[in-house]
C-alpha cells in the first residue's frame, strides 16, 4: 500500500537533490520533486501521523520552486543573484532553504518514528544519523553562502568542497528513502492498525 | 528526534543576522553606477587619453560610445580593457587613441582644448555625463629644443627623472604649471647636480650642461583625495637662448593610483557633489 508513496519520496528527493541544467532549464525540476514528496507524505500520513507535518511545507516548497525551473541568469555566483535580484528575492532564498531543511526533517522523522514503532532499530538509527549529517551540512552551507558576497574568491574552493559534502549527505537521504521503501513500504493497513493504535 | 525550540530559534536568528549582515555589507560596497576616477592630463598631439572607471565586479557591460561636450561632441575611437580588480570592483581603462593628426584636429580644431566632462554610453543602455577631471589636448609644436633629451626613468614610488643636455647657451625662465592642483614641490630641477629652486629663476645654462628634472608625487598624507586620481602631466620648462628664441622643454609626470588604496566612498561623495 505504501510502496508507491515511498517511491514518490525516493524520486522526489532525487529531483530535489540533483540539479542538472540544460541551458537555463532545470531538467530535474525541484517543484515536481516537492509535489511528489507532498503526495507521498499525504499517503504516508495514514501510516504515521508524523508525516503529516511535511505536507504543507513540501507544498509551499513546490510553489516556491517554480521560479528555479527556468533560470534566465546562469548560476555564476551568489553575487550575481544579489546584484540582479531585489532584497525580497534574497529573503525568499533564505526562507526557502529553512523550509527545505524542515521538509527533510519531517519526512525523516516520520520514517524514524515508524521504524521505532516497528522495532526496526537499524532503520531508526540510520534515519537519525543521516538526518544529523544532512542538517549539519545544510546548515553550514546556509550560513556560509552569504559570506560568498564578501570574502575573497580564494575561499570559494572551501565552499565548493562543502557543496559536494552536502550533496553526499543529500544522496544518503535519497538512500534512506529507498531503504524505508523496502522495509516499510509493504505495510498493510492491518499492520498499521496493529502498530499505531 | 525532536527539535529543541530554543536552539532552533537561536539558529534562525543567527542565520537571519548572517544573511542580512552580508547582504548589507555587499550592497554598501556596491556602486549604483560606474564611478569615474578623475584624470589630470596634459597631452601633446597624438598621445592617447586614458580614462578610468570603477564598476561592480559582476557588471558585464562596458562603455560603447564616448563624446566630449567640449570637443565638438565628436565620436572618438577607443579601446577598453580591465585595468585591475578588488573584491568588489573592477577598474576599466578607456584608451582613446588617435591614429593620425586629422583625428586630433577633428576634436581640437587646431586649438588647445580642455576636457572636463565626457558623455559615456554603456552597453546596458545607460548614458551618463561624467566629470573626468582636467584633460588638455594640445596641438603639436615643432620647435628645435634647446635641451636635448638624454635619459629618463620612472620608479615604483610614483617618481621619475629626466636628464637633458643643453644644446646652446640660454636661460630657464620658469616652470609653467597649468593645473590648479597645487601639488607643490613635485618637480625638482638640478643643474649640473646642483638643486635649483624656483626663486632662483631665471637660471643660466651653458652648452653641454646637464640639466636634470626630478619629480616625485607626494601628497599631504594618505587621506589626501588627490592621491586617488590619475596624472599624466607635462610640465613646461620655459627656456630661451641668447638670441631670444623661446623653446619649452616638456617633462612628463606620471602617476597611477593603487586600485587597492582608492577611497571609493569618498570619491562617490565627491561625485554626488558634481
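Chains as they are written, first to last, in this note's numbering: chain A, 42 to 238; chain B, 23 to 296. The beta carbon of each residue, even a glycine, is placed where N, CA and C say it ideally should be. Quick caveat: nothing in here was measured; it's all calculated off a predicted structure.
Query                                                                                                                       : Result
Span separating the alpha-carbon of residue 87/A from that of residue 41/B                                                  : 39 Å
Where the alpha helix (DSSP H) through residue 162/A begins and ends                                                        : 162-185
Euclidean distance between Cα positions of residue 85/A and residue 43/A                                                    : 7 Å
Pairwise C-alpha distance: residue 193/A and residue 154/B                                                                  : 30 Å
Cβ neighbours of residue 206/A in the same chain (closer than 7 Å, five flanking residues each side left out)               : 178
Same chain, Cβ closer than 6 Å to residue 50/B, five either side skipped, listed in chain order                             : none
Closest by C-alpha distance to residue 68/A, when choosing among 59/A, 76/A, 75/A                                           : 59/A
Cutoff 8 Å: residue 216/A Cβ touching any chain B Cβ                                                                        : no
Three-way DSSP call (helix, strand, coil) for residue 141/A in this model                                                   : helix
In DSSP terms, what residue 87/B is bridged to                                                                              : 143/B
Same chain, Cβ closer than 8 Å to residue 288/B, neighbours up to 5 away in sequence not counted                            : 247, 250
Where residue 15/B sits in the DSSP three-state scheme                                                                      : Residue 15/B lies beyond the residue range present for chain B, which begins at 23 and ends at 296; the question has no answer from this structure.
Between the CA atoms of residue 188/A and residue 71/A - distance to the nearest angstrom                                   : 25 Å
Selection from 43/B, 268/B, 139/B, 255/B that minimises the alpha carbon distance to residue 276/B                          : 255/B
Minimum Cβ-Cβ distance from residue 235/A to chain B less than 8 Å                                                          : With a pLDDT of only 47 at residue 235/A, under 50, the local geometry of the prediction cannot be trusted, and the value read off the model is given with reservation. Cβ-Cβ to chain B under 8 Å: no for residue 235/A.
Buried or exposed (CB count within 10 angstroms, at least 16 for buried), residue 134/A                                     : buried
Given residue 140/B as reference, the closest of 114/B, 241/B, 73/B once Cα atoms are compared                              : 73/B
C-alpha gap between residue 77/B and residue 106/B, whole angstroms                                                         : 11 Å
First and last residue of the uninterrupted beta strand (DSSP E) at residue 255/B                                           : 252-263
Test: residue 169/A CB closer than 8 Å to a CB of chain B                                                                   : yes
Exposure label - residue 97/B; buried when at least 16 CB within 10 Å                                                       : exposed
Chain B residues whose Cβ lies nearer than 9 Å to that of residue 180/A                                                     : 33, 37
Proximal residues to residue 186/B (C-beta, below 7 Å), its chain only, five neighbours per side dropped                    : 169, 170, 171, 172, 233, 271
Rounded straight-line distance, which links the Cα of residue 61/A to that of residue 165/A                                 : 31 Å
Cβ of residue 23/B within 8 Å of any chain A Cβ                                                                             : yes
Residue-level contact to chain A via CB, residue 144/B, 8 Å cutoff                                                          : no
Residue nearest to residue 183/B in terms of C-alpha spacing, selected from 225/B, 194/B, 257/B                             : 257/B
Residues of the region 142-171 of chain A whose Cβ lies closer than 8 Å to any Cβ of chain B, in chain order                : 146, 149, 150, 153, 154, 168, 169
Inter-stretch contact (C-beta, 8 Å, three-pair minimum) for the region 166-185 of chain A and the region 129-147 of chain A : yes
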